[in-house]
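Peer 1: FYI, in our numbering the residues of the sequence shown are 54 to 205. All C-beta atoms, glycine included, are put in the ideal place defined by N, C-alpha and C. In this text, all values refer to a predicted model and were calculated from it rather than measured experimentally.
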Amino acid sequence: MSNLLKYTPITTDDISQLMPIENTCHSHPWTEKTFSSCIGGRYFGEKLAETTEKIIGFYVGEFVVDEATLMDICVDPTEQSKGYGKKLLHHFIEQAKAKGAIKIWLEVRAKNISAQMLYMNAGFIEISRRTGYYPSSKGFGYEDAIVMSLKL
Ligand SMILES: CC(C)(COP(=O)(O)OP(=O)(O)OC[C@H]1O[C@@H](n2cnc3c(N)ncnc32)[C@H](O)[C@@H]1OP(=O)(O)O)[C@@H](O)C(=O)NCCC(=O)NCCS
Numbered sequence: 054m055s056n057l058l059k060y061t062p063i064t065t066d067d068i069s070q071l072m073p074i075e076n077t078c079h080s081h082p083w084t085e086k087t088f089s090s091c092i093g094g095r096y097f098g099e100k101l102a103e104t105t106e107k108i109i110g111f112y113v114g115e116f117v118v119d120e121a122t123l124m125d126i127c128v129d130p131t132e133q134s135k136g137y138g139k140k141l142l143h144h145f146i147e148q149a150k151a152k153g154a155i156k157i158w159l160e161v162r163a164k165n166i167s168a169q170m171l172y173m174n175a176g177f178i179e180i181s182r183r184t185g186y187y188p189s190s191k192g193f194g195y196e197d198a199i200v201m202s203l204k205l
């Protein structure tokens, strides 16, 4: 893994570069409009890139009062399973702590086992399930959401 990695805050100028990663990572990706509505204000996001400017991945968080929510986390599929997701998640947790968060929340698809493993290994625990919350990634039917949280 390169040690020339850098995190930089996501701005609206990044959206066109981040959308291809968003689109390949999710069966129901954010639109550009949704992405841009999650930049600035109570939202905080960072992208992880090599100095070559190739973006490896990103996360978007939300901070309200004393709690943070992980809204999105993606690693370019060509860069997955190399430890970058773990780095991004830990960076998000540190940023949330620095803002004063005492708890972090997230929702994950019941069938997204790799993301659940990532979160559980970071100390998140399952709090509840939302039955049929997501449209299924298979294009028909619905899928449960698992709500997880981490006390900081
Ligand atoms: C979830 C995601 C961010 C993980 O990023 P990644 O760079 O592949 O993950 P890492 O290589 O850092 O692995 C971190 C941990 O995730 C888990 N993990 C990653 N890939 C896995 C796989 N194929 N199967 C099972 N667990 C896996 C493991 O617990 C791993 O820790 P370990 O290597 O110590 O066992 C990435 O797969 C992704 O972008 N997925 C699509 C978008 C998405 O689902 N986002 C989450 C929405 S809630």
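1) Per DSSP, tryptophan 158 forms a beta bridge with which residues?
2) If you measure from the CB of glycine 194, is any heavy atom of ligand 1 nearer than 6 Å?
3) Quick check on this structure: which residue in Gly94, Phe97 and Ile108 has the alpha carbon closest to the alpha carbon of serine 69?
4) Going by C-alpha distance, which of Leu123, Ile146, Ala154 and Glu196 is nearest alanine 163?
5) Cβ of methionine 170 versus every heavy atom of ligand 1: is any distance shorter than 6 Å?
6) By alpha-carbon positions, which one of Gly153, Tyr186, Pro188 and Ala198 ends up nearest to valine 117?
7) Could you give the residue range of the beta strand (DSSP E) that holds threonine 184?
8) Given a cut-off of 7 Å on the beta-carbon distance, is the pair lysine 86 and isoleucine 63 in contact?
9) Are the CB atoms of isoleucine 155 and leucine 205 within a distance shorter than 7 Å?
10) Closer than 6 Å to a non-hydrogen atom of ligand 2 - does that hold for the CB of serine 202?
11) Contact check, serine 218 vs threonine 65 under 8 Å by CB: the rounded distance?
Peer 2: Answer, in terms of the structure:
1) Residue 158 sits at position 105 when you count from the first residue of the sequence shown. Under DSSP, tryptophan 158 takes part in a beta bridge, and its partners are Thr122 and Ser202.
2) Reading the sequence shown from its first residue, position 141 is the one you call residue 194. No, the beta carbon of glycine 194 sits no closer than 6 Å to any heavy atom of ligand 1.
3) Within the sequence shown, residue 69 is the residue found at index 16, counting from 1. It is Ile108.
4) Taking the sequence shown and counting its residues from 1, the one referred to as residue 163 is at position 110. If we check each option's Cα against that of alanine 163, Glu196 comes out closest.
5) Here residue 170 is taken as the residue at index 117 of the sequence shown, counted from 1. Answer for methionine 170: yes, Cβ within range of ligand 1.
6) Numbered from its first residue, the sequence shown carries residue 117 at position 64. For the residues Gly153, Tyr186, Pro188 and Ala198, the minimum Cα distance to valine 117 belongs to Gly153.
7) The count along the sequence shown starts at 1 and reaches residue 184 at position 131. If you look at threonine 184, you'll find it in the beta strand (DSSP E) that goes 178-188.
8) Stepping through the sequence shown from its first residue, residue 86 is reached at position 33. Stepping through the sequence shown from its first residue, residue 63 is reached at position 10. Contact flag unset, no.
9) Along the sequence shown, one-based indexing puts residue 205 at 152. Along the sequence shown, one-based indexing puts residue 155 at 102. In contact: leucine 205 and isoleucine 155 (Cβ atoms closer than 7 Å).
10) Absence of ligand 2 is noted for the structure shown, with ligand 1 being the only ligands found.
11) The first residue shown for the chain is 54 and the last is 205, placing residue 218 beyond what the model contains.
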